[in-house]
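Below is one structure; the comments refer to it alone.
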Amino acid sequence: MSYKPFEWKDLGDISTGRTNLGPEMPVAVYRLFEFTTKDVLTRRYGAETAKEIIRECGFIAGSEFYKNVIQEDNLTFDNFISKLQKAILQYKIGVLRIESADIARKRITLTVAEDIDCSGLDVADEAVCNYDEGFIAGILKCYTGCDWDVLEIDCWATGDRVCRFKAIGR
Amino acid sequence: MNQNDIKSDISLIFDQALNSLLVGRIPDPVKVETADTSVLALIEKFNSLLVYLKELRSFAIALADGNLESETPSRKNFLASPLKDLQSKMRHISWQASQVAKGDFTQTLDFMGEYTNSFNEMISKVSERESTLKSELMRIDTERDALSQSQHILSIMLENIPDIVLVIKDGDIIFENARARSIMLQLEKKNSTDNIITFITSYNKKNLNTNVGFDYYDKSQKRWFHIAHSNFMWNDDQYADMFVIGDITESKKIEKRLKKDSEYDMLTGLGNRKHGLRILKEALSQHGSYPISLCFIDLDKLKKVNDLHGHAAGDEYIKEFTNRFVKFLDRGKLMTRFGGDEFLVMMRRTSKVVAKRLLDTIENDLLANPSIGIPFTPQFSYGLLPIEKDNTLDSEALIEKADSLMYSHKKRKKSSAESNIDPDGYEDDRLT
């Protein structure tokens, strides 16, 4: 079977396929898929490699999300942020809030409350939203055209009530 | 110290530390020199709690002070997570506010309790207000552009029209156009003090709040000007006067020529009926103690000349008559052509006797000196009417009366010449 990069249309026609159940599902199902995948990846490739893979997955997802949900011509940064906040909310990924944004210096601090990946998890030793890190980096890369390093500095999994990300453009 | 004493001391230390906490003061870490392992572990946890509480307190104070950039408690300080959440939300609100401040009204707050509704409503109102203001500004900009364009056009018009334009307020010229500046410069070089500009400034002092138009003759420049004066509101609560002054010298000349053309007979160069009537009316209105004689004249045999020799000969006949007649008219006597062969002669300061003598002289001159180049030497009939000081008749009635006298005169002339019937049957020139 030949390799074909993921595209948004590969998600299929959900409204046709789930006529009765609809496009949504419990967060638990999402997390089942995510954490079991992470489990297997960690066992097979080690924790760091597993995180890198998950971050890369998030990056691809973020890029496709931007191209298919956010992108439009002549989108100002303010309108981009506004549109992104609404989209993140609409897709129930979480509640995106900007704490600071200096696009000229490529410095953004944002939080995601009620994050789909981690909100409600038991406290652990480290932040777990690697998928989100990649997801945000993918979106920012598509909008700005440059690469971004996105690091989760607070996480529900580390005892905080929101996930805080610091994004720095290269 | 036995174990009981040690326990008693530790209890006392904890009691003091807890009492401090209960009154809002973070105590120093608990220190004991000797204790069993479990007690030491307890003390270590208690001291960690004190550290967390201390972090929590200073973080809360910083937030209360509005310091959103203060150092956050350590990651292990789980007690601080609600405050960190609060800090995050406050920073988000702060960022939203800065976005609004720079005009980005696309932002909204989500899931932040009472803040959400009030903040989003505020954004909505501010956005609405800004939209209204922008529309208003656009309207003002459009009007300003139109006004600016109008001003530009007006300015060009004012600078380029040949008229002098002056705006005067309280006797001072506050605006003059290029033409005005040019005239003022010329007058300044001539050192003229009696001119259109000085007239306008002195006129303005005496005639406020009027809107009139009138003609003025500038003796220094020997030019006629028409002055249009209008009073208008200046700076909302004060009035100023605008004068638009056009040089109408050429118009005056044309007017004079037209007037002459309309009141003068092209053939003879005499005044016509309109001129005769106007002069007669003026004479009547200014009638003093001096006598006026009015003479209605009919040129004999004009029809005969026209019929036998053509109208060109008739014209020459008329011209010969009037040329010879007017030679005898001095100052105060005026001959006008009233109709084809009818003339009106008005003689001021001339009695009937003197007038009769003059007419006889002219008649005799015509008879004694036959004309050359025309078929007949001109002869005339006349009606002489003295206009008395107490005259009540108007000009039309006086002319009618003089005409009647002329007709009688003609009849008398006809009777006296009865024996010499004209072979062509022209018995009465006037009737034919």
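Protein chains in written order, with our numbering: chain A, 61 to 230; chain B, -7 to 424.
Glycine included, C-beta positions come from ideal geometry on N, C-alpha and C.
Item	Value
Reduced DSSP secondary structure (H/G/I, E/B, other) of B/Tyr418	Model confidence at B/Tyr418 stands at a pLDDT of 38, short of 50, so the residue's coordinates are unreliable; what they give is reported in the following sentence. Correct three-state label for B/Tyr418: coil.
9 Å Cβ cutoff, B/Trp226 in contact with chain A	no
Proximity test, Cβ basis, 9 Å: A/Lys226 and chain B	no
Assigned secondary structure, B/Pro74 (DSSP; H/G/I helix, E/B strand, else coil)	helix
Extent of the continuous alpha helix (DSSP H) to which B/Gly306 belongs	His303 to Val318
Contact with chain B by A/Arg230, beta-carbon distance below 9 Å	no
Interface residues of chain A facing B/Asp96 [CB-CB closer than 7 Å]	Asp138
Where B/Gly205 falls: helix, strand or coil (DSSP)	strand
Residue interval of the beta strand (DSSP E) (run including B/Ser373)	Phe372 to Ile379
The segment 376 to 386 of chain B contacting the segment 273 to 282 of chain B, beta-carbon criterion three pairs below 8 Å	yes
A/Ser75 versus A/Gly82: straight-line alpha-carbon distance, rounded	6 Å
Residue environment, A/Val89, which counts as buried when at least 16 other CB atoms sit within 10 Å	exposed
Chain-ordered chain B contacts of A/Ile113 [CB-CB under 8 Å]	In chain order: nothing, as chain B lies at least about 25 Å away.
Run of the alpha helix (DSSP H) containing A/Asp214, from where it starts to where it stops	Not the alpha helix (DSSP H): A/Asp214 falls in the beta strand (DSSP E), residues Trp208 to Asp214.
Same chain only: Cβ atoms within 6 Å of A/Glu128, ignoring 5 sequence neighbours per side	The sequence shown places Asn at residue 128 of chain A, not Glu. For A/Asn128, where only same-chain residues beyond five positions count, the Cβ hits under 6 Å are Trp68.
Per-residue burial, B/Val118 [other beta carbons within 10 Å of its own, 16 or more giving buried]	exposed
First and last residue of the uninterrupted beta strand (DSSP E) at B/Asn223	Arg215 to Trp226
Inter-residue spacing [alpha-carbon to alpha-carbon] between B/Lys182 and B/Ser212	9 Å
Proximity test, Cβ basis, 9 Å: A/Gly219 and chain B	yes
Rounded Cβ spacing between B/Pro370 and B/Leu358 (contact assumed at less than 8 Å)	6 Å
Helix, strand or coil at B/Ser86 [DSSP, three-state]	helix
DSSP three-state assignment for B/Gly238, whether helix, strand or coil	strand
Inter-residue CB distance, A/Gly122 and A/Ile176 (contact presumed, cutoff 8 Å)	With 8 Å as the limit, A/Gly122 and A/Ile176 do not qualify as a contact, their Cβ atoms being about 14 Å apart.
Buried/exposed call for B/Phe206, threshold 16 Cβ in 10 Å	exposed
Coarse secondary structure for B/Ile115, derived from DSSP in three states	helix
Alpha helix (DSSP H) segment containing A/Arg103, residue limits	Val87 to Tyr105
Neighbour list for A/Leu149 in chain B, Cβ cutoff strictly below 7 Å	Asp102
Contact with chain A by B/Asp77, beta-carbon distance below 9 Å	yes
B/Arg83 and A/Thr169 closer than 9 Å at C-beta	yes
Range covered by the beta strand (DSSP E) that runs through A/Cys178	Where A/Cys178 is concerned, there is no enclosing beta strand (DSSP E), given that its DSSP letter is neither H nor E.
9 Å Cβ cutoff, B/Asn112 in contact with chain A	no
B/Thr124 at chain A interface by Cβ criterion, 9 Å	no
Neighbour flag for A/Val222 against chain B, beta carbons, 9 Å	yes
Separation of B/Arg249 from B/Lys402, as counted between CA atoms	37 Å
Closer than 9 Å to chain A by CB, B/Asn69	yes
C-beta contact flag for B/Leu321 and B/Val346 at 9 Å	no
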